Amino acid sequence: MTTPMLSQYHQIKREHPDKILMFRLGDFYEMFYDDAVIAARELDIVLTSRPTGNDTRIPMAGVPYHAVDTYLSKLLDKGYRIALCDQVEDARQAKGLVKRAVTRVVTPGTVIDSALLDDKRNNYIGCVVESEGSIGIALADASTGEFFAGEIHGKNSRETAIEELSRYAPSECLIPRSHEGRDFHLLLARNVATITPWEEWAYDTEAAYKSLCEHFKVNSLRGFDLEELKLGTKAAGALLTYLSKTQMTELQHITSIRRLHFGTGLIIDSSTRRNLELLKRASDGSTKGSLIWVLDVTQTSMGSRLLKKWLLNPLTDPDRINERLDAVEVLSCDPVMRGELRECLRQTYDIERIVGKLSYGTANARDLLCLATSLSLLPRIKQTVLKARAPLLVQLATSMPDTQQLAALILAAITDDPPATVTDGGIIRDGFHQEIDALRSASESGKDWIAQLEVSERERTQIRSLRVGYNKVFGYYIEVTKPNLHLVPPDYIRRQTLANAERFVTEKLKEYEEKVLGAESRLCELEYEVFCKLREEVCSHIPKFQAVAMAVAELDVLSTFAEIAVKYNYKRPEVDRSDVIEIRGGRHPVVERLLGEGEYVPNDTFMNSSDSRLLLITGPNMAGKSTYCRQVALITLMAQTGSFVPADAARIGVVDRIFTRVGAHDDLSMGQSTFMVEMTELSNILRNATDKSLIVLDEIGRGTSTYDGLAIAWAVTEYILDSIGAKTLFATHYRELVSIEDTHEGVRNHSVAIEKRGDELIFLRKMVKGPADGSYGIDVARLAGLPPSVVDRAFGILEVLERADRGKPERRPKRCQMTQLTFLQVQEHPIIEELRSINVMNITPVEAINILYDLQQKARRK
């Protein structure tokens, strides 16, 4: 026989079959059946059982309600969705079984609790819908209220969608149930942590459009520039419905939706983000050693999140970039203004996420106090920033609405140190509410009488051990030890017998107990009612708070750029629409910090689209080729973000994309080898780069045989020069490639200077013109600690190979070119007919190199 409580559980579980149901019983959230088995395994908690009334037991596991956040975090990290079921009526007023209902569904993308979130990064949830080669995308952060939508069209729409989603790194992504198992769904599943199929009706065009209009209280979506985006509207409407259903609120903090314009701004794909280590190190995923580790000295969580967005979405409009640079320059030149601003920002709390809590009705008194404290700082922030001459700073200061009355209201209502819970009283300040003051006075006077009771009763009864106590079961009592029971006066009423004492009450004590407890009970209820009304009043001003949060976050990032510029001697770059990248005394921002003050060797760079669009960089391993290439990319990215750069001077003609092909890694989940990953990334670069792009290539073609790799590297270099025209830094060990400088315009050979003293190799870390005179790979191997016998044997083998002209590349850079010329000058060679048969207009550069190699080998055999 099923108990009434289990019947209630089953009814609620039927409504949430795909979620772990946490069922509140007393001080615990309990889980039953399969949910209990999963929870016990994933959370490493004890799996028990509960009798059902018919001689059977069901699996059961529970966690304390006050520590539920810890357990939720573990389940969310593993991709589970959880439904929290709470009591929805006062147990004291319930008739029979207390009513329970799911009050919130927690999924990886709908987390709003601060304890479960990283305050320095957004937690986005996405929604994707595909139709006839086009894709609609919507993104939201349930904790801050950000909301975006857009569409992607074209033959590479899926790849573009994956790239855009990876930029926002959503922790959850919705798809229509009908899309489950399709190719695109499987592709999404490999790139997004959690995929959630969502109801088909939510993606209906009319239903989605109506849902958005009703939420934003508008007649059309023209004001949001979404009117023509059918798929984008579908995705946005479905996402809004999902958030509303799971959070069970009106989502008041989602006050607007912005259109996503894909392909605008400086585009940085996932490979480039990884290779440049913008947010984390590629080797271990840690923040230390990344660009954000150097730059993030923001004072607020809002600023930290915005800084990440700026780094992943740099600008391409020189006017907007220079607007930011003007602001950074003013702040960097005025340490007093910068110091005052950053001190105010340091005291500012996370307004964005407090607003989210307000919307969900979970903000407590401490949250309101933090909001009021932050709002009360705005006059100082405005006064400080309005002194600046930079238009952007003035614009941000004037964009912040006046919220001082709200701040004053909150500070007048809430005590200085309110409790974390809103139902225990002690929230409302004295003098704010007349009835609360009266109840508090009654409660305190009653407590004072009771406190004096112990003294007076000891004197009256002469029982020196007599004491007055309290517990929740019996209320207030007078306790007398057994040896003194003969002294108990007749007006004492026995209440409880203990092993060594007895407890009593008096009529007067019961009277005061009712007065105190009644006043305290009513006081808690009234304080909660007053607090809820105050919270509702504050909640009605959410758009104002969001405007403040946006301005504060931007001021934080701009002041951070200024602080970093002063601290690390960064200079303002000149950013324009030219085709020039010119850097004097450039430094790698991360490596410089890791090495220490003054140890990094700066280098110059000059590139343009005519005579220096491809820098071919040779030299040994460990000399600094990769560091130099990446520093150019990072300086360009920082400049287009609006930051000063680690250089003595820089002129950056804006680029539309930055591509990098760096390092060696495989993708076993996709069945791709290291070389296949390299070729896939290279293919993406060659297909999408333009003459306005910046390309960084590091060791192309090293994952296959020497001649295959050389052929690919050669063909790629020519293709970039002849067909793309992008500014390119190409670090390579194929010294044969240096001869391309003689056959193509726009190529410049550079190398990293070294000095060899006997067997010792000294890296000078300085970029010089001209090719390297050797690869020095065996010398580097010696530095790495290879056994001397191995090193000596390697030198011997190298000498044989070079003499025999096979295996390893030539040590003379132009030998490959000379061999070509000598061969083509032969007029009566027996294989001349084979040359005539080649259709040179119908072969690829790679095929041409391979054919040339075969002919060369035949010529040598002859």
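Numbered per my numbering, the sequence shown spans residues 190 to 1051. Ideal Cβ positions, reconstructed from N, Cα and C, are used throughout, including at glycine. In this text, all values refer to a predicted model and were calculated from it rather than measured experimentally.
Cutoff 8 Å; reference residue i; Cβ partners in own chain excluding five residues on either side
| i | result |
| --- | --- |
| Val583 | Val574, Leu575 and Ala577 |
| Arg448 | Phe337, Ala338, Gly339, Phe413, Asp414, Leu415, Leu418 and Gly421 |
| Val517 | Leu747, Phe750, Ala751, Ala754, Arg761, Gly831, Ser832 and Phe833 |
| Arg289 | Gln197, Ile201, Phe212, Arg213, Cys274, Asp275, Gln276 and Val277 |
Exposure of residue i, with buried meaning 16 or more beta-carbon neighbours within 10 Å
| i | result |
| --- | --- |
| Glu771 | buried |
| Lys1055 | Past the edges of the chain, shown from 190 to 1051, lies residue 1055, and the structure says nothing about it. |
| Ser400 | buried |
| Val662 | exposed |
| Gln735 | buried |
| Gly658 | exposed |
| Leu1010 | For Leu1010, the predicted structure reports a pLDDT of 35, less than 50, and the residue's modelled location is therefore unreliable. A value from the coordinates is still provided. Exposed is the call here. |
| Arg971 | buried |
| Arg982 | exposed |
| Trp387 | buried |
| Gln488 | buried |
| Trp903 | buried |
| Val644 | exposed |
| Leu375 | exposed |
| Cys721 | exposed |
| Glu466 | buried |
| Gly614 | buried |
| Ala391 | buried |
| Ile341 | buried |
| Arg649 | exposed |
| Val979 | exposed |
Residue i and residue j closer than 8 Å at C-beta
| i | j | result |
| --- | --- | --- |
| Ala272 | Leu428 | no |
| Asn464 | Thr849 | yes |
| Asp626 | Gly635 | no |
| Asp523 | Glu352 | no |
| Glu867 | Leu899 | no |
| Ala708 | Ser632 | yes |
| His442 | Leu547 | yes |
| Thr430 | Gly550 | no |
| Ile667 | Val694 | yes |
| Pro762 | Val843 | no |
| Ser490 | Asp275 | no |
| Ala740 | Ser588 | yes |
| Ile247 | Thr241 | yes |
| Ser815 | Asp911 | no |
| Gln820 | Arg876 | no |
| Ala915 | Leu883 | yes |
| Leu305 | Ser360 | no |
Close Cβ partners of residue i (< 6 Å) along its chain, the five nearest in sequence each way excluded
| i | result |
| --- | --- |
| Val294 | Ala272 and Thr435 |
| Val257 | Tyr218 |
| Val252 | Tyr218 and Tyr260 |
| Ile599 | Leu557 and Ala561 |
| Arg470 | Gly478 and Ser479 |
| Ile913 | Ala878 |
Neighbourhood of residue i by C-beta, 7 Å cutoff - its chain only, sequence neighbours within 5 removed
| i | result |
| --- | --- |
| Leu871 | Arg850, Ile889 and Val905 |
| Cys559 | Tyr538 and Ile543 |
| Asp556 | Ile543 and Lys546 |
| Lys1047 | Ile1020 |
| Asp680 | Thr695 |
| Ile510 | Leu504, Val764, Gln829 and Gly831 |
| Leu195 | Thr241 |
| Leu628 | Ala708, Arg711, Leu712 and Leu715 |
| Pro193 | Leu286 |
| Ser940 | Ile806, Thr807, Gly808, Val957, Gly959, Pro960 and Ala961 |
Below 8 Å, how does it come out for the region 926-934 and the region 756-776: are there three or more Cβ pairs, yes or no? Counting Cβ pairs under 8 Å, fewer than three are found: no touch.
Any 3 or more C-beta pairs closer than 8 Å across the region 415-435 and the region 794-814: no
Per the contact definition of three or more C-beta pairs closer than 8 Å, is the region 536-546 in contact with the region 563-572? By the Cβ test, the region 563-572 is in contact with the region 536-546, since at least three Cβ pairs between them sit closer than 8 Å.
Taking contact to mean at least 3 C-beta pairs separated by less than 8 Å, is the region 297-304 in contact with the region 330-347? yes
Inter-stretch contact (C-beta, 8 Å, three-pair minimum) for the region 710-721 and the region 464-484: no
Along the chain, which unbroken stretches of the beta strand (DSSP E) at least 3 residues long are found entirely within the region 343-404? 361-365 and 384-387
When you compare the region 222-229 with the region 196-213, are there three or more beta-carbon pairs, one atom per stretch, that lie closer than 8 Å? yes
Every unbroken beta strand (DSSP E) within the region 818-843, with a cutoff of 3 residues, ordered by chain: Within the region 818-843, the runs of beta strand (DSSP E) at least 3 residues long that lie entirely inside it are, in chain order, 838-842.
Length-filtered (3 minimum) beta strand (DSSP E) runs lying within the region 632-687: If we require 3 residues or more, the beta strand (DSSP E) runs fully inside the region 632-687 come out as 656-660, 664-670 and 682-686.
Any alpha helix (DSSP H) of 4 or more consecutive residues that is wholly inside the region 716-780: 731-757
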